[in-house]
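Report on the following structure.
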Amino acid sequence: MPAKIIVAATPPDAAADAVALAVDLARARGASLLVAGVAVVPMMADREVFARAQRGAMERELSLLVPHDTDGVEAGIAVVVSRSITRGLHSLAEREHADLLVMGPTHRGTIERVFQGDLILSTLHGSTCPIAVAPAGYADRTSEDRPMMGVAIDGGEESDAVLDAAVTLAEQMGASLRIVHVAETPIGYAVPPWLDAAGSARYLEAVRAEGNAVLQRAEEKVDGRVPVSTKLLSGLPGEELARFGSEVDLLVMGSRAYGTVGRVIVGSTAGRVLHDAPCAVLVLPQTVLSEVPALT
2 MPAKIIVAAT PPDAAADAVA LAVDLARARG ASLLVAGVAV VPMMADREVF ARAQRGAMER
62 ELSLLVPHDT DGVEAGIAVV VSRSITRGLH SLAEREHADL LVMGPTHRGT IERVFQGDLI
122 LSTLHGSTCP IAVAPAGYAD RTSEDRPMMG VAIDGGEESD AVLDAAVTLA EQMGASLRIV
182 HVAETPIGYA VPPWLDAAGS ARYLEAVRAE GNAVLQRAEE KVDGRVPVST KLLSGLPGEE
242 LARFGSEVDL LVMGSRAYGT VGRVIVGSTA GRVLHDAPCA VLVLPQTVLS EVPALT
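Residue numbers for the sequence shown follow this note's numbering, so the first one is 2 and each next one is one higher.
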């Protein structure tokens, strides 16, 4: 079955950036493109009546978002009627057997995200396919001859699957790949309080040594499939990876990397990177990673 990418035209002011990223990824992967909109049914409204009233107008709006020049990428539109945007996108992705869902930036501040919810993270929860998020202004960018991709790994059980997915995408896009690892050393409380200055220095040195070993193993597993480099960072993973986004065009990461809490729910690291990184970000949910074979 040919690969299929769904691009969410929600919110409308971010649709152009999402479509531009989706076209780039579809072109590289030989995938078709489906520009989708979700008509949210009011709680007391009849679904069928609402659908008939909304579908025509939404289809006309979506047709305006389909780019005229897609360089051979097959593109269509889809309207989903649902009780929420998240449910609608999930059901459409499952129905179409989508390989990727692309979304635009939400343009929300921290306080607004707390009170109104976070569309990107709520869609990431329970997603059956990877989710890519375009940064603001992506539609206005010009492409480079050889784009730079990044992949964040923590050395955990998901790292090989994340790395393999990133290498495969880099091959398809003709991109160089930079593997990044964050040695978790938050200022103030990373070092156990019972250590003295000398012990603290040894502790931090050990953390960095472990990080370098993680990067070396990852570079060896790439085995020359794409041009590769590595980078070790220190600090809070969310902050450091978001900052690292200025060095790459696309950053690939798992949704549960870094920290105990992040392995239970989609953690703060993924949320911080998705909202603060200046590059496009592709997040691989754990349900997807379990199906990706590890590099050997």
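We put the CB at the ideal spot given by N, CA and C, even for glycine.
Buried/exposed call for residue i, threshold 16 Cβ in 10 Å
i: H126; result: exposed
i: M174; result: buried
i: S128; result: buried
i: L251; result: buried
i: H69; result: exposed
i: V249; result: buried
i: G189; result: Reliability fails at G189, whose pLDDT of 45 lies under 50, so the model's placement of it is uncertain and no value is given.
i: P286; result: buried
i: E211; result: exposed
i: S64; result: exposed
Enclosing alpha helix (DSSP H) for residue i [first to last residue]
i: E240; result: P238 to F245
i: E97; result: I86 to E97
i: L123; result: Note that residue 123 is Ser in the sequence shown here, rather than Leu. First-last of the alpha helix (DSSP H) with S123: L120 to L125.
For residue i, three-class secondary structure by DSSP
i: G38; result: strand
i: E49; result: helix
i: L164; result: helix
i: R179; result: strand
i: L170; result: helix
i: V274; result: helix
i: L63; result: helix
i: E211; result: helix
i: S128; result: coil
Check whether residue i and residue j have beta carbons under 8 Å apart
i: L22; j: V80; result: no
i: V1; j: V36; result: One cannot answer for residue 1 here, as it falls past the ends of the chain, which runs 2 to 297.
i: S230; j: P279; result: no
i: A135; j: D18; result: yes
i: V1; j: M150; result: No answer is possible for residue 1: the residues shown for the chain start at 2 and end at 297.
i: V50; j: S83; result: no
i: L101; j: L26; result: yes
Closest residue to residue i among the options (Cα-Cα distance)
i: A179; options: L164, R61 and V208; result: One point to set straight first is that residue 179 is Arg, not Ala, in the sequence displayed. Nearest option by C-alpha distance: L164.
i: G38; options: I86, V24 and A27; result: I86
i: H98; options: A32, S64, F51 and L66; result: A32
i: T169; options: V20, I6 and R30; result: R30
i: A167; options: V223, Q55 and D100; result: V223
i: V215; options: V183, L205 and R244; result: V183
i: K5; options: A76, R142 and P228; result: A76
Opening and closing residue of the beta strand (DSSP E) in which residue i lies
i: A17; result: Per DSSP, A17 belongs to no beta strand (DSSP E); it is in the alpha helix (DSSP H), A16 to R30.
i: I78; result: A76 to S83
i: G151; result: M149 to A153
i: G255; result: L251 to G255
i: V227; result: Where V227 is concerned, there is no enclosing beta strand (DSSP E), given that its DSSP letter is neither H nor E.
i: M44; result: Premise fails: M44 is in no beta strand (DSSP E) and is neither H nor E.
i: A4; result: Counting along the chain, A4 falls outside any beta strand (DSSP E), and DSSP gives it neither H nor E.
i: A140; result: Element bounds for A140: n/a, residue is neither H nor E.
i: A10; result: Neither: A10 is in no beta strand (DSSP E) and is coded neither H nor E.
Contact test: residue i Cβ vs the ligand MN heavy atom, cutoff 7 Å
i: E206; result: Absent from the structure shown: the ligand MN. Ligands present: none.
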